[in-house]
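A short write-up of the structure that comes next.
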Amino acid sequence: MKLSMYEPDALSPGARNFSYGAFCWLNRHIIVLRAVGAVLRRWPSLGGSMVARASAVKGVLTRTRSFSNTAHEANMVSGTYLIGMDPGPTYDSDRDLVHQRLAALNVPVDSDDEAKRRINTVSQPGAGAFDLIDDYLMWVVFHAMRPLYGTATGAVVAGSAAPAAAAQGNVNQGLQRQYLLEIRYVAGQLLAGSLATLGVRRRAETCGDALQARIGRLTGLIGTAWGVTSSTADIERNAVGLAWISHPVTVQSGALAVQELLERPKVYEQLRSQAKSLGASVWTDANFRNVVRDHVLELMRFRPIFPLLARDVPRDTEVETGARHNAKCPGGGKVSLLSIAALFDSTAVPDSGKFCPHRNWGNEHALRYLMFGYGYRQCPARDYAVEILTSALIGLLTLPGLQLARGEGKAIVYDGPLMSCMRMRIP
Amino acid sequence: MLEIVRQQMICIVAPGWPGGGEIPTPVSGALNDLFKDVAVVHFASIGLLPAMADAAEQRPSLMLELAVEEGLSPYDLLYRLIYHSGGAMWSLFGGMYFPNVEEPTDQQKQQLLGRLMECHSIADGAFVGARDRSVRQIQMEAELLKQTRNEARTLKPKYGNDRTAFALALARWAYTNPRFEWAAKPAPRSYWRGKGAGIGAKLAYPVSALVLWFVVLWLGGALPRAYNWFFGEPHPVVLAIEDAVSKTSKCLLAMSGHFLLAVSVIAFLVWLFLVPLPAQFVSWRRWLKSIQRELERPTETISSLSTYVAGWVIGVPLLLAIAACAIAYTLAPLAYALVPEYMEQTIEPKIPKLTGLELTEIAVVAIIVVLCIGALFSRLNRRFTTLSERFFHPLEDDVPRAQQIHPSIERCEAREVDRIQHMISLTDLCGPQGWSAWCIRASLRIVTFAGRVFFTQGWLGDAPGIHFGHWHIIDNGRRFLFCSNYDGNFGGYLDDFINGASSGTTLAWRWTELNPRVPAVAGQPGIAQPRSFPPTRFLIYRGVKCELKFKSYARDSMLPNLYRFVACNATIDEINLATGLRDALFGERNEKNDDLIMRAIET
Amino acid sequence: MKYVKHAPHLSKQRHDIQGMLKSGFGWLKSSRFWLLTIRDGREDQARAWLAQLANSGLVVSAKRVEEGKAKSEASISEAVAVAFSFSGLKKLGCSEAETHPFPTPFSSGMGSALRKELLRDTSRDQWRWSDVEGHDGCQTVHVLVAQWWVLDEESRMEAPDPDVFVIRTVENNPCSFKKKEDGRLREPFGFRDGLAQPVIRGLREEGGASRKQAERDAGHFYEDRVVEPGEFVLGYRNEYDELTYCPNVKEWPQSGDRFTLNGSYLAVRQIQQDVEAFEEFRKANGQGICEKLMGRRMDGMPLGWQGPPGSDSAADAFRYRVEDANGFACPKGAHIRRSNPRDSLGIDVQSSIKSSKLHRLLRRGRPYREETDSGTRDGLFFIACNADLERQFEFIHQRWVQNPRFGTLHDQDDPVVGSLPDPKTFTIPGLPSGSEVTLASFTKPLGGGYFFLPGIAALNFIVRHRAGARTAAAHQAEAAVP
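From first to last, the protein sequence lines stand for chains A, B and C.
Read in this note's numbering, the first sequence has 154 at position 86, and its numbers run on one by one without any break.
Read in this note's numbering, the second sequence has 318 at position 284, and its numbers run on one by one without any break.
Read in this note's numbering, the third sequence has 10 at position 8, and its numbers run on one by one without any break.
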């Protein structure tokens, strides 16, 4: 159990707000990061220990002994988990558990069902605008991820093991929303990290505490649901981690993908007309699903949720950035990876600037999933996440049209670097 | 700032050594005890320098080389050494000045101190590898490293797989061990290695000096006005004085501003041609590298000769022209102040009036022309391969008597194979000796400065492994002594300098030569045929890059040592590792420190 | 303009360079090494025998080796190389010139007391031969004759006369090419040998398909192994960009090129390997630890190689600095990492590679087998060709291989050829902290010496005692012969 303790803000007052604002702005206007990445790819020596070329990024991500994931530790407000661990026995056992839990997911069936249900709700005549995140994506992903906790899901969401609340699917919507917000703020802190303002950080810490308390009450139940005999600490750690690490990230990625799609009207039209021509078999047609999946990956390439990654450097080493001299990484420091620059590296990705979902990635097939990591430490739930988003996107494509609902205020409301609300309208 | 480094390395050259080629065992034993006891001496050695051919005293000189800790003035150090109860210094030097005196009186000791102060010299150029560490610190840290390794071996079965717990256990053991109380404080660091290590601190001095200069000049100009305001209108004489003062200060300000501008423009152009253009245009980069390679070629080729000639024909006039323009621009305000009409009527019409845009256009065209020439050369090179082979093929060259080592020197090297190596090299300054001495001193000051401020991690340029390297100009500016304590072997040591610090080494030695001399005592090397330092080009090129000539030159100039004291037999890598381990064991418990401890116990 | 005289061109001197520098004669799987001492008063007979050997056409030049590779009918079935120690040269009447004497390591000889300390040999009591006067029972070798011929055939070389010479032979190890049936050279412990040889620019670089394939396999690491010819052949440009020092001999006519042009120095050591002890160690600790000791896998691929074994060129195409700076894959004290640190020792990659090229050796040794009453003893007759003994062989031996403080290691020298007294430790770095193994020494040197491998013209000069010296014109004429 991680105890969050108050740490005052070390920066001078204006500086924190300014840097956080700049960070959020950069995340929203990802084209700027792409430009920076292009400059750094061309002149790697300018970046110092920030690597931009695909070969360099792959190199750093595969050298797990020289570049440690513990850089994420500081941003994980609800305790340590796989993503911030060094390889070792704990890491191995946690990873096995994750694989076991992921095997219980029933994707894309579950996500398809929920998508259909939600689409029906929002396409009721007179329904007006809907929130892509709060009314659609959040639930599609949630429903798909229910089996992660097995029979204990209801209790986890409700926050207590009381028998009435433990029945599946009957948990109060409000309680569900509370749970989902909790995990969203905890996940948001992973992205913002030490740049976050004090208020944002405290909110995340509070939610982290709440999440740990929530899980703490239910370790026995979760342990039984999972059928494992690990210690309480292990179950808690894994349960907490599983809770916050995947849902919010998938939801945000989906929102970003939709945002990117709506900025490409031709592509959207083509997909929509294809969906329309398929009619009812849009959910069952395997070809169409593949097409949508390719589109999802390409959209995620243009708007990855983590455009910048960091790794700790435990001991003095060098990194081959592509410059004439290797960049020195002193022990105790950090190395930054501009993964979005790697995704647009024309030496690895042919025609990187074009939107081409059916691109032939050749040897660099693994690079296509760089948003999920690379090599041994790549996200284990990668394929599941892509399937869920595919279902979600198929659902959206069944709508007669989709637009950002400009009107009452802004369509997209940002909470820091992430979107908290994306109002959509069917014209 | 340089004095503190130079004082760390002292050579006492006492002429008239009556003894033979050996230091008697009781004397060397006494010296060992002395240096161990005094505990501020890192390295000490004794060599015999042959007398100069035309000196009155034809007996060899006894040279005592001391490399000591920072901050000791020579007088205090020699005082401590001479007045030490063991009397070792007396048994070594006493016989030369006061023969047949077994037990010296205090007055005699004082006289000896005076004599030694007369013949001592602090280094003209010096470099310290393992910085900021006292002898005791090095010894104790080495002990800490050894004990930590042993302790780790015993703890390994219990904590093998958990780095954090293992490191914590070792740290706890170190903390609670009474022998290592001294280590609880972090290892000391001098300014340039610690807070001043960043580029900001290094720039702070020159930038603030510059700002101060401008402020002082401006104040000088503003003072008269302030005076007038405070005291009222002054006497006409005072008024004239004030007028002169303000005019001078204005002129000086303008000149300083012009100078700064000229220097910035030149620096910008140099940077432009050396950094971004090569990074962008491959042909330019290749051409620059080939110019450097040609200028540094040890064996002549037609290409190197033609590059040299082209350098004189094109390069030097160009540089002189730029320098002349910069000087003219700097002195322009002075000229305007002194002879304004001449300037306006005769000089100004001759200067072309160009706008900034036109200047930039000219510059861009010039760059393009230069790039095209570079590309043309490489294309020619590729097309006419046979011709270019002849162009780049080495011409005949002859190096006499290379790769010869005198047996006494080899014996010294063999003795030190497991320890830190040592060398003494004695050369003559080539004439005119006053000019050579001045040039050498200037270069050595630059090298010392660079070593103190910039090269703080134990590497001089790209050359590693030097503990204490120092140069002295002795014998009234006629001879040049170099002593060094270094890791590795002689050949490898010189190779590191040839490849990593060639300009500095060339500058330090290019004004020397080797004249014939008789051996100091039988069995020591003498010089039969004179040798000169390998030829240099444009002051800093070539020189030491002629490896055969340079190594034969260095080898011929070497003298064996009769006695050697090493306070702690640890290489620079080991010293750095031990200090790092101390800081990691007693410091904050984080990833980096834990990992450092693991790497240290692994060796 | 003064006529500028070019230094000799390597391409035009191939007829004068002994073939051993161009090729290891890998297809001649039998080998024998003759260590000959000329008896007092028999110098003329010795010269006669050597002259007959030189005339027999068995002493092949580099040009002949090239021809043999190009046309199958000219392929070589037997090759001989002749080298002389300093005392051997003196005995045969060649004394060094005063203006260009031989380098001190060569003239004082590997067997001298100073060299023993400089090479960090702890004890030489078991040495049977050396190149200078040693203790009683230690033969002073004057001439080294190396012989390679096709396996299972008869050698055509005429044996030397025991009346003229004191003869010691080092015989072939018949298993050196036969283990594992892949026909590659293996040393007695079972590791692939002959890998990671430097490629001499202008001499060993054959054009054509094999070189292109080697370049492809090596990727952008190919340039790491290309070394200037002056590092191995005297008189040509070396890695410092200057011509290697060519000593001269008083009796050599001064008008031509110097005596030692196209020659090379051989650092020879007869190393006995205790195969049984190694097998026991392997049984106790496992194959993995043995491979960590050596620094390579048994099949020759570097540790950390993924996938099926590649070609020899691919086996040499790796570096340490970025991927393996701390020695987790290949330990920092492993044998091959000590003898060729590649890019790990300097301040950055380029300068490290450049300085490691200054310390390369061309290895031409072969495993040997000695039949004694108490059984067979295997070992390696180690021959390293280099042009600057102090900078290449002695440096590697003193500062890297036998240095107990190599890098930051403490009291550990080379696990395979080290000479520290038993028991020795060997650290294997790892995460979170490494491990240690205790081992005994597996090898023991039985003799050694520095030899000079002359060019063909110089060899003729030695054996014909001045009568065979060629002038510069004759040199050119012979070079022109295709």
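From the three backbone atoms N, C-alpha and C, an ideal C-beta is built for every residue, glycine too.
Check: Select from Asp390/C, Gly381/C and Asn342/C the residue whose C-alpha is nearest the C-alpha of Ala269/C.; Outcome: Asp390/C
Check: Are Leu126/B and Ile46/B close, meaning C-beta to C-beta below 7 Å?; Outcome: no
Check: Within a Cβ cutoff of 7 Å, which residues of the same chain sit near Ala313/B, ignoring the five residues on either side of it in sequence?; Outcome: none
Check: Between the Cα of Ile462/A and the Cα atoms of Ala479/A, Leu339/A, Pro333/A and Ser404/A, which residue gives the shortest distance?; Outcome: Leu339/A
Check: For chain C, check one thing: does any of its Cβ atoms lie closer than 7 Å to the Cβ of His97/A?; Outcome: no
Check: Can you give me the C-alpha to C-alpha distance between His456/B and Gly432/C, rounded to a whole angstrom?; Outcome: 36 Å
Check: Is there a Cβ from chain A that is less than 7 Å from the Cβ of Ala331/C?; Outcome: no
Check: Please list the residues of the stretch 401-412 of chain C that have a C-beta atom closer than 8 Å to any C-beta atom in chain B, keeping them in chain order.; Outcome: Arg401, Pro406, Arg407, Gly409, Thr410, Leu411 and His412
Check: Mind reading off the beta-carbon distance from Leu463/B to Phe514/B? Whole number of angstroms is fine, and I expect it under 8 Å.; Outcome: 6 Å
Check: Give me the chain A residues within the contact set of Ala497/C, using Cβ-Cβ distance strictly less than 9 Å, ordered along the chain.; Outcome: In the structure as shown, chain C starts at 3 and stops at 484, and residue 497/C therefore has no counterpart that could be examined.
Check: Determine contact between the stretch 164-178 of chain C and the stretch 105-119 of chain C, defined as no fewer than three beta-carbon pairs at a distance below 8 Å.; Outcome: no
Check: Please report the straight-line C-alpha distance between Cys285/B and Ala371/B, rounded to a whole angstrom.; Outcome: 7 Å
Check: For Pro559/B and Trp402/C, what's the separation of their Cα atoms in angstroms?; Outcome: 29 Å
Check: Would you kindly check if the distance between the Cβ of Tyr575/B and the Cβ of Glu185/B is under 7 Å?; Outcome: no
Check: Classify His399/C as buried or exposed, calling it buried when 16 or more other Cβ atoms lie within 10 Å of its own Cβ.; Outcome: buried
Check: Cβ closer than 8 Å: which chain A residues qualify as neighbours of Glu608/B?; Outcome: By Cβ distance, chain A contributes nothing, its closest Cβ being about 16 Å from Glu608/B, past 8 Å.
Check: From this set, Pro190/C, Lys285/C and Arg206/C, which residue's C-alpha is nearest Val500/C's C-alpha?; Outcome: Past the edges of chain C, shown from 3 to 484, lies residue 500/C, and the structure says nothing about it.
Check: Restricting to runs no shorter than 4 residues, where is the alpha helix (DSSP H) found entirely within the stretch 72-156 of chain C?; Outcome: 88-93, 106-110 and 115-120
Check: Under 9 Å between beta-carbons, which chain C residues line up against His393/A? List them in chain order, please.; Outcome: Asp350, Val351 and Gln352
Check: For the beta strand (DSSP E) that contains Ser518/B, what are its first and last residues?; Outcome: Arg513 to Tyr520
Check: Listing by chain order, which chain A residues have their CB less than 8 Å from the CB of Asp629/B?; Outcome: Pro382, Arg383 and Gly399
Check: Got a sec? Which residues, its chain only, sit under 6 Å from Arg31/A by beta carbon, not counting five neighbours each side?; Outcome: Chain A is shown only over 69 to 495; residue 31/A falls outside these bounds and no answer can be derived.
Check: Indicate whether Ile508/B and Ala471/B have their beta-carbon atoms separated by less than 7 Å.; Outcome: no
Check: At 4 residues or longer, and completely inside the stretch 32-60 of chain C: list those alpha helix (DSSP H) runs for me, N to C.; Outcome: 45-57
Check: For a quick check, are the C-beta atoms of Glu250/A and Leu279/A less than 7 Å apart?; Outcome: yes
Check: I'd like the span of the beta strand (DSSP E) that includes Ile99/A, first residue to last.; Outcome: Run containing Ile99/A: none in the beta strand (DSSP E); it sits in the alpha helix (DSSP H), Ile98 to Arg110.
Check: Using CA atoms only, rank isn't needed, just tell me which of Lys422/A, Ser298/A, Val417/A and Met492/A is closest to Glu432/A.; Outcome: Val417/A
Check: So, helix, strand or coil for Asp195/C, using DSSP?; Outcome: coil
Check: With DSSP run on the structure shown, which of helix, strand or coil describes His433/A?; Outcome: helix
Check: Nearest CA to the CA of Ala436/B: which residue from Lys71/C, Phe108/C and Gly21/C?; Outcome: Phe108/C
Check: Closest Cβ-Cβ distance between Lys281/B and chain A: below 7 Å?; Outcome: no
Check: Val399/B by DSSP, collapsed to three states: which one?; Outcome: helix
Check: Taking a Cβ distance cut-off of 9 Å, strictly less, list which residues of the stretch 124-151 of chain A are near chain B, in chain order.; Outcome: Ser136 and Thr138
Check: Let me know the alpha helix (DSSP H) ranges lying completely inside the stretch 91-155 of chain B, each 4 residues or longer, listed in chain order.; Outcome: 108-116 and 140-152
Check: Check whether the stretch 38-53 of chain B and the stretch 199-218 of chain A are in contact - that is, three or more C-beta pairs closer than 8 Å.; Outcome: no
Check: So the beta strand (DSSP E) Phe428/C belongs to, where does it begin and stop?; Outcome: Lys426 to Ile430
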